[in-house]
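Colleague: Per full-length UniProt numbering, residue 1 is the first one in the sequence shown, and the count goes up by one each step.
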Amino acid sequence: MYEDGTGYKKGKIQKRKIVETEIFSVDERIKIISEIFAIMEKEGEEST
């Protein structure tokens, strides 16, 4: 069986992982990002 420098073996079945993604509305994205910034600010205040 042939193997190249990257470790790919000819004849070997390549499996792909399927990742499901969630679709968020713009409002949901804004809310998530706002919550992340609030957490970051809180952590920044605690470390000073």
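Glycine residues also receive a C-beta, built at the ideal position from the N, C-alpha and C atoms.
How long is the line joining the alpha carbons of SER25 and LYS31, rounded to whole angstroms?
Modeller: Whole-angstrom Cα-Cα distance: 10 Å.
Colleague: May I ask whether a heavy atom of the ligand COA can be found less than 6 Å away from the beta carbon of SER47?
Modeller: Ligands displayed in this structure: none; no statement on the ligand COA is therefore possible.
Colleague: Using only the alpha-carbon positions, how far apart do SER47 and MET40 sit?
Modeller: Cα-Cα distance, rounded: 11 Å.
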